[in-house]
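Worksheet for the structure shown next.
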Amino acid sequence: MSGWAIHGRIVTMADDGPAAFSGRVWVRDDGTIAAVTHGTAKGPAELKGAPVVDVGHSLVLPGLVDLHNHLAYDTLPLWAEPTRATPWAHHDAWPRAASYAASTTWPAYAFITACPAELLAYVEVKALVGGTTSTQGSPPSNRPRDGWLVRNVDDESFGTGNRNLVLASVLTATPAVLADRANKMRAGSAFVYHCGEGQQGSVVAREYDDAEAAGCLQPRFVAVHATSVPAGRFADWTDAGAVAWSPFSNLWLYGQTTDVPAARAAGLSVCLGADWAPSGSKNVLGELKVARLVSDHLGWGLTDEDLARMVTSAPGDVLFRAWGRQVGRLEPGALADLLVLDATARATPYRALVRATEDDVRLVAVAGRPAYGEPALLTTALAAAGPAGAPAPTTVRVGARAMGLVLTDPTDGTTPWTWDQVVARLEAVRVDPKHEIEVAQQRGSAFGADGLDATPDLGLQLALDMPTGVGPVGGLPHDLGQVVVPPLQSLVHDADWLASVHGRGFHGGLLDGLGTFYG
112 MSGWAIHGRI
122 VTMADDGPAA
132 FSGRVWVRDD
142 GTIAAVTHGT
152 AKGPAELKGA
162 PVVDVGHSLV
172 LPGLVDLHNH
182 LAYDTLPLWA
192 EPTRATPWAH
202 HDAWPRAASY
212 AASTTWPAYA
222 FITACPAELL
232 AYVEVKALVG
242 GTTSTQGSPP
252 SNRPRDGWLV
262 RNVDDESFGT
272 GNRNLVLASV
282 LTATPAVLAD
292 RANKMRAGSA
302 FVYHCGEGQQ
312 GSVVAREYDD
322 AEAAGCLQPR
332 FVAVHATSVP
342 AGRFADWTDA
352 GAVAWSPFSN
362 LWLYGQTTDV
372 PAARAAGLSV
382 CLGADWAPSG
392 SKNVLGELKV
402 ARLVSDHLGW
412 GLTDEDLARM
422 VTSAPGDVLF
432 RAWGRQVGRL
442 EPGALADLLV
452 LDATARATPY
462 RALVRATEDD
472 VRLVAVAGRP
482 AYGEPALLTT
492 ALAAAGPAGA
502 PAPTTVRVGA
512 RAMGLVLTDP
522 TDGTTPWTWD
532 QVVARLEAVR
542 VDPKHEIEVA
552 QQRGSAFGAD
562 GLDATPDLGL
572 QLALDMPTGV
582 GPVGGLPHDL
592 GQVVVPPLQS
602 LVHDADWLAS
612 VHGRGFHGGL
622 LDGLGTFYG
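Sequential numbering of the sequence shown, starting at 112, is according to my numbering.
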């Protein structure tokens with residue numbers, strides 16, 4: 112067995128022991144962690160002589176886990192209905208807004224139809240640059256995509272072909288469907304369900320009641336948002352599962368957020384999710400800062416360690432219940448998903464993570480494979496990890512930095528790709544979406560009413576997973592010339608994005624405080 116090791120200040124996210132220590136994480140070539148050692152102690156015998164990559168006093172953490180997203184829309188800017196003066200009541204209200212379909216559904220449809228591979232590349236890289244190695248909400252596809260750039264929580268099968276390890280539903284499920292999901296959870300699957308997304312007292316609170324009646328309140332149940340659930344009702348979830356908390360999106364749309372202290376008091380795991388670009392952060396590294404602002408504003412007293420666990424060990428433990436494989440912790444046997452953050456020698460680890468920005472990300476590895484990072488460090492890590500013949504990194508501009516990225520075409524996983532090729536194709540669709548959609552429809556690779564077509568020669572297909580909004584044909588206009596795709600958004604929380612937060616949404620100015628983290 113061959114492999115490699117990384118030396119730095121190790122943050123294992125163990126439940127006890129030091130927050131960080133100087134040591135090494137030893138990675139097998141099968142993508143799992145063989146050992147975690149202190150100082151310069153020798154590694155396991157199986158990795159004798161393995162190369163060691165030294166990152167100094169930088170922090171070595173588990174890769175971050177985003178337990179709630181909708182990746183198909185993550186090229187888009189923040190959206191707010193310009194005529195709306197009051198917060199939305201619940202998730203069935205804002206898709207009916209006059210500007211929603213044209214701002215959200217139509218441009219997203221253009222990309223998934225005309226350039227699905229490039230869309231995946233863009234949105235998964237956007238996750239990577241924020242240290243995310245596992246994300247929920249990958250667009251439905253016509254073929255399994257085990258671990259391409261990041262782990263796709265809903266689609267990961269670990270080579271088994273079983274795509275039902277984690278089930279998901281965005282739309283309100285019927286009692287019959289909920290009962291079926293309850294049975295599947297008892298058999299070992301997890302179920303990630305948009306549940307009670309809206310204001311306290313709104314009609315969607317009954318979704319939680321329906322889930323309880325169907326027997327869904329189990330350890331493998333993940334209730335996304337649950338903003339309308341009364342505090343006392345969380346205590347009824349006695350066989351505790353998890354809540355996926357997306358405070359930016361909650362405040363942006365509803366002016367309220369999940370009662371996190373009540374959920375925690377009931378023994379539920381609270382995990383962060385960035386949600387989608389139209390009403391969320393760019394990645395969970397950004398969502399950590401929103402959580403910090405909300406906790407401080409509401410006097411919840413969440414510590415930096417509490418928040419750090421919401422993107423590492425908490426979602427990792429939840430996924431273990433379905434995957435049988437550990438992420439979110441650095442421990443023997445866990446999947447070797449790694450994040451290296453620049454930090455001073457005396458930096459407090461959890462505080463450093465909460466305050467870190469994309470500029471602090473030095474290296475990201477998925478399944479022990481270096482995927483993204485500072486060019487020199489990425490090259491060194493790739494040489495250590497092997498194998499020889501891996502594609503040379505392409506260059507991607509991330510804020511003010513030129514970073515390295517190992518990128519292959521997701522349709523085969525081997526063909527080298529450049530970031531410039533990805534962006535050029537997206538821009539071609541953006542310039543003439545009508546033509547590109549029509550060409551895609553003519554070749555039969557567009558998503559239709561009957562669902563995704565698994566016919567091999569049709570190529571990769573993706574589908575949208577959110578409400579389409581008002582429109583005559585599946586949310587699209589009769590005249591495709593009305594489809595306008597906005598400019599691609601940056602990969603980072605930059606000044607333009609921060610400016611788009613100010614004076615919009617229903618957060619009452621609280622989210623303006625994000626500027627203090629990115630100043």
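Virtual Cβ for every residue (Gly too), placed ideally from N, Cα, C.
- When only Cα atoms are considered, A196 and S360 end up about 17 angstroms apart.
- Q329 places its beta carbon less than 8 angstroms from that of A293.
- Given a length threshold of 4 residues, each whole run of the alpha helix (DSSP H) inside the segment 260-338 is given here in chain order: 286-297 and 317-324.
- If you ignore the 5 residues before and after D623, its C-beta comes within less than 6 angstroms of the C-beta of H613, all in its own chain and listed in chain order.
- One Cα belongs to G427, the other to T285, and the distance between them is close to 29 angstroms.
- Burial check for A376: the Cβ neighbour count within 10 Å stays below 16, so the residue is exposed.
- As for any beta strand (DSSP E) of minimum length 3 sitting wholly inside the segment 376-400, the runs are 380-383, ordered along the chain.
- Each of D140, A373, D470 and T349 was checked against the Cα of D605, and the nearest Cα belongs to D470.
- Nearest in C-alpha terms to A322, of all of A290, C226, L621 and R297, is A290.
- Nearest to G592 by alpha-carbon distance, out of W217, S113, T148 and A152, is W217.
- Look at D165 here: in three-state DSSP terms it is strand.
- Sequence-distant partners of S252 (beyond 5 residues in either direction) whose C-beta falls short of 6 angstroms from its own C-beta, in its chain, are L573.
- Following the DSSP letters along the chain, one finds W363 inside the alpha helix (DSSP H) bounded by residues P358 to Y365.
- T194 and A209 have their C-alpha atoms roughly 9 angstroms apart.
- Between P498 and T519 a beta carbon distance of about 14 angstroms is seen, past the 8 angstroms cut, so the two are scored as non-contacting.
- Counted as a single uninterrupted DSSP element, the alpha helix (DSSP H) harbouring W434 occupies residues S424 to W434.
- Under the 10 Å beta carbon count, R554 is surrounded by fewer than 16 other beta carbons and is classified as exposed.
- Boundaries for P129: no alpha helix (DSSP H) harbours it, and the DSSP string shows neither H nor E there.
- Within the same chain, and ignoring the five residues on either side of A353 in sequence, the residues whose Cβ sits closer than 8 angstroms to its Cβ are L178, F332, V333, A334, L379, S380, V381, C382, A425, P426 and V429.
- L537 sits in a helix when the DSSP states are folded into three classes.
- Excluding its 5 nearest sequence neighbours in each direction, A337 has C-beta neighbours in its own chain below 6 angstroms: C306, G307, V354 and T369, listed in chain order.
- In this structure, the beta-carbon distance from G119 to H149 does not fall below 8 angstroms.
- When DSSP states are grouped into helix, strand and coil, A208 belongs to the coil group.
- Of the residues A298, A287, E398 and G312, the one whose Cα lies closest to the Cα of A324 is A287.
- In this structure, the beta-carbon distance from L571 to A228 falls below 8 angstroms.
- Residues of the same chain with a CB within less than 6 angstroms of the CB of K393, apart from the 5 flanking positions on each side, are H604 in chain order.
- For R473, the enclosing beta strand (DSSP E) covers residues V472 to V477.
- The residues A342 and F345, in chain order, have a CB closer than 7 angstroms to that of A373 in the same chain once the five nearest residues on each side in sequence are set aside.
- Around Y461, the same chain offers A130, D415, E416 and A419 as residues with beta carbons nearer than 7 angstroms, after the five sequence neighbours per side are excluded.
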